Amino acid sequence: MLTIFYIFAVLSLLGALGVLFLQNPIHCALMLVGTFFCLGAVYVMLNAEFVAVIQVLVYAGAIMVLFLFVLMLLASGDQTQFAVKWDAGKILAVVVTIGIFFQIASVFLDSEMTLGPKGDYPIETVEDIGSITLIGRLLFTEYVLPFEIISILLLVAVIGAVVIAKRRFN
Amino acid sequence: MIPLDHILLLSAILFSIGVLGVVLRSNVIVIFMSIELMLNAVNLSFIGFARSLDSMTGVVFIFFIIVVAAAEAVVGLSIILSIYRTRKTLNIDEFNLLKW
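Quick look at the structure:
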């Protein structure tokens with residue numbers, strides 16, 4: 809189990825590094841799809857099958873197809889203009905990013921992490937009732953207001969995208 | 027059972043790679059992909075905590091995060107399309123209309 813997790817973790821990191829280092833944006837997009845698939849596999853190992861399915865359908869499917877569509881519409885042949893120009897600001901940014909990483913890592917590596925009280929859904933309950941049933945039940949009872957708000961957000965995003973992409977600026 | 031530390035470490039590394047992508051790359055679409063990577067790293071830590079705390083709240087929040095990510099991708103890419111029409115470039119260094 810742990811070995812499989814490490815394999816998928818390394819694969820997802822390789823995909824992420826591909827996004828960071830590859831020059832052609834289409835290659836970056838395909839590497840990102842690989843990362844999303846590997847993360848989906850990790851989600852399955854963590855007993856979140858529904859999230860894994862959503863991950864593959866929405867992220868690896870819909871969102872990445874959207875990215876590839878925009879790349880198809882806009883991709884310019886000349887990739888040399890996007891090469892990283894190293895200046896003081898870029899080096900400072902890398903240093904700050906490494907600082908951010910160690911800041912995050914220090915939370916769970918240095919000291920003993922104290923977790924809060926356990927919730928109501930141990931692994932046996934989740935496997936007994938099914939994670940999709942539990943998520944659905946929570947979404948339509950406890951989290952029904954955020955659920956409605958998020959649906960309005962989606963509607964606004966769709967309308968906004970159509971308006972922004974359609975308007976012609978002179 | 028996967029230890030929580032390992033999941034959080036993977037999540038932190040993925041997040042840092044995403045930040046590096048945002049600060050280093052100059053292709054605006056690749057910057058967008060890095061933002062998606064950062065959102066995924068946060069999703070991973072949500073799931074890790076949800077599993078180790080026997081809670082479903084993290085899983086429900088991932089649902090919301092994915093919806094926000096989809097909305098962000100749609101609006102952002104349409105903004106990129108719209109900028110490309112006027113500036114004819116995808117290079118972030120040339121999007122300087124709001125700079126002073």
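In order, the protein sequence lines correspond to chains S and D.
Just add 808 to the spot in the first sequence (first one is 1) and you have this note's numbering.
Just add 26 to the spot in the second sequence (first one is 1) and you have this note's numbering.
Every residue gets a Cβ at the ideal spot worked out from N, C-alpha and C, and that includes glycine.
The model shown is predicted, which means the values in this text are computed figures rather than measured ones.
Mind listing the chain S neighbours of residue i? Cutoff is C-beta to C-beta under 8 Å, in chain order.
{"i": "LEU50 (chain D)", "result": "LEU828, VAL892, LYS898, ALA901 and VAL902"}
{"i": "ILE61 (chain D)", "result": "None at all; the shortest Cβ gap to chain S is about 11 Å."}
If you draw a straight line from the alpha carbon of residue i to that of residue j, how long is it in whole angstroms?
{"i": "LEU917 (chain S)", "j": "ILE33 (chain D)", "result": "12 Å"}
{"i": "PHE829 (chain S)", "j": "LEU874 (chain S)", "result": "21 Å"}
{"i": "VAL971 (chain S)", "j": "SER104 (chain D)", "result": "9 Å"}
{"i": "VAL864 (chain S)", "j": "LEU116 (chain D)", "result": "28 Å"}
{"i": "LEU840 (chain S)", "j": "ARG111 (chain D)", "result": "26 Å"}
{"i": "SER959 (chain S)", "j": "VAL859 (chain S)", "result": "18 Å"}
{"i": "VAL964 (chain S)", "j": "ALA97 (chain D)", "result": "9 Å"}
{"i": "GLU935 (chain S)", "j": "MET809 (chain S)", "result": "18 Å"}
{"i": "LEU819 (chain S)", "j": "MET59 (chain D)", "result": "17 Å"}
{"i": "LEU947 (chain S)", "j": "ASP80 (chain D)", "result": "17 Å"}
{"i": "ALA891 (chain S)", "j": "PHE75 (chain D)", "result": "38 Å"}
{"i": "ALA99 (chain D)", "j": "PHE844 (chain S)", "result": "15 Å"}
{"i": "LEU791 (chain S)", "j": "ILE57 (chain D)", "result": "Outside the modelled stretch of chain S, which goes from 809 to 978, sits residue 791 (chain S), for which no answer is possible."}
{"i": "THR901 (chain S)", "j": "THR83 (chain D)", "result": "Reading off the sequence, residue 901 (chain S) comes out as Ala, not Thr. Approximately 34 Å between the Cα atoms of the pair."}
{"i": "VAL903 (chain S)", "j": "ASP895 (chain S)", "result": "13 Å"}
Decide if residue i is buried, meaning its Cβ has at least 16 other Cβ atoms within 10 Å, or exposed.
{"i": "PRO925 (chain S)", "result": "exposed"}
{"i": "PRO930 (chain S)", "result": "exposed"}
{"i": "GLU62 (chain D)", "result": "buried"}
{"i": "LEU942 (chain S)", "result": "buried"}
{"i": "ILE871 (chain S)", "result": "buried"}
{"i": "PRO833 (chain S)", "result": "buried"}
{"i": "ARG945 (chain S)", "result": "exposed"}
{"i": "VAL39 (chain D)", "result": "Here the sequence assigns Ile to residue 39 (chain D), which means Val is not the residue at that position. With 16 or more Cβ atoms within 10 Å of its Cβ, ILE39 (chain D) is classed as buried."}
{"i": "SER37 (chain D)", "result": "buried"}
{"i": "ASN122 (chain D)", "result": "exposed"}
{"i": "ARG113 (chain D)", "result": "exposed"}
{"i": "ARG77 (chain D)", "result": "buried"}
{"i": "SER914 (chain S)", "result": "exposed"}
{"i": "PHE72 (chain D)", "result": "buried"}
In chain S, which residues lie less than 7 Å from residue i when you measure between Cβ atoms?
{"i": "PHE90 (chain D)", "result": "PRO954 and ILE958"}
{"i": "ILE43 (chain D)", "result": "ALA824, LEU825 and LEU828"}
{"i": "ILE55 (chain D)", "result": "PRO833, PHE875, VAL878 and LEU879"}
Starting from residue i, find everything on chain D with Cβ-Cβ shorter than 7 Å and list it in chain order.
{"i": "LEU847 (chain S)", "result": "ASN66 and LEU70"}
{"i": "ILE940 (chain S)", "result": "Here the premise fails: no neighbours, minimum Cβ distance about 10 Å."}
{"i": "VAL859 (chain S)", "result": "ILE73, VAL85 and ILE88"}
With a cut-off of 8 Å on the beta carbons, I'd call residue i and residue j a contact; round off their distance for me.
{"i": "PHE816 (chain S)", "j": "CYS846 (chain S)", "result": "4 Å"}
{"i": "ILE862 (chain S)", "j": "ILE92 (chain D)", "result": "6 Å"}
{"i": "SER42 (chain D)", "j": "THR905 (chain S)", "result": "6 Å"}
{"i": "VAL878 (chain S)", "j": "ILE55 (chain D)", "result": "6 Å"}
{"i": "MET27 (chain D)", "j": "VAL45 (chain D)", "result": "No, MET27 (chain D) and VAL45 (chain D) are not in contact; Cβ-Cβ is about 30 Å, not under 8 Å."}
{"i": "GLY842 (chain S)", "j": "GLY823 (chain S)", "result": "4 Å"}
{"i": "LEU876 (chain S)", "j": "ALA849 (chain S)", "result": "Contact doesn't hold; Cβ gap of about 22 Å is too wide."}
{"i": "TYR951 (chain S)", "j": "VAL86 (chain D)", "result": "5 Å"}
Taking residue i as the query, report the chain D residues whose CB atoms sit under 9 Å from its CB, ordered along the chain.
{"i": "VAL852 (chain S)", "result": "Under the 9 Å cutoff, chain D gives no residues; its nearest Cβ is about 10 Å from VAL852 (chain S)."}
{"i": "GLY968 (chain S)", "result": "ALA97, VAL100, VAL101 and SER104"}
{"i": "PHE916 (chain S)", "result": "LEU30, ASP31, LEU34, LEU35 and ALA38"}
{"i": "ILE862 (chain S)", "result": "ILE88, PHE89 and ILE92"}
{"i": "ILE972 (chain S)", "result": "VAL101, SER104, ILE105, LEU107 and SER108"}
{"i": "PHE948 (chain S)", "result": "Within chain D, no residue comes near PHE948 (chain S); the closest Cβ sits about 11 Å away, beyond 9 Å."}
{"i": "LEU819 (chain S)", "result": "Simply none; closest approach about 11 Å."}
Kindly list, in the order they appear in chain S, the residues whose Cβ is closer than 9 Å to that of residue i.
{"i": "ASN122 (chain D)", "result": "Here the premise fails: no neighbours, minimum Cβ distance about 14 Å."}
Report the neighbours of residue i on chain D: residues whose CB is nearer than 8 Å to its CB, in chain order.
{"i": "PHE844 (chain S)", "result": "ASN66"}
{"i": "ILE943 (chain S)", "result": "MET82, VAL85, VAL86 and PHE89"}
{"i": "LEU838 (chain S)", "result": "By Cβ distance, chain D contributes nothing, its closest Cβ being about 11 Å from LEU838 (chain S), past 8 Å."}
{"i": "THR961 (chain S)", "result": "A small correction: the amino acid at residue 961 (chain S) is Leu; Thr does not occupy that position in the sequence shown. Those within 8 Å of LEU961 (chain S) in chain D are VAL93, VAL94 and ALA97."}
{"i": "THR905 (chain S)", "result": "SER42, VAL45, LEU46 and VAL49"}
Any C-beta of chain S within less than 9 Å: which residues of the segment 75-86 of chain D qualify?
PHE75, ALA76, ARG77, SER78, LEU79, ASP80, SER81, MET82, THR83, GLY84, VAL85 and VAL86
Near-chain D residues of the segment 864-885 of chain S (beta-carbon distance less than 9 Å), N- to C-terminal order:
VAL866, TYR867, ALA870, ILE871, MET872, LEU874, PHE875, PHE877, VAL878, LEU879, LEU881, LEU882, ALA883 and SER884
What residues in the segment 922-934 of chain S have a beta carbon less than 9 Å from any beta carbon of chain D? LEU923, GLY924, PRO925, LYS926, GLY927, ASP928, TYR929, PRO930, ILE931, THR933 and VAL934
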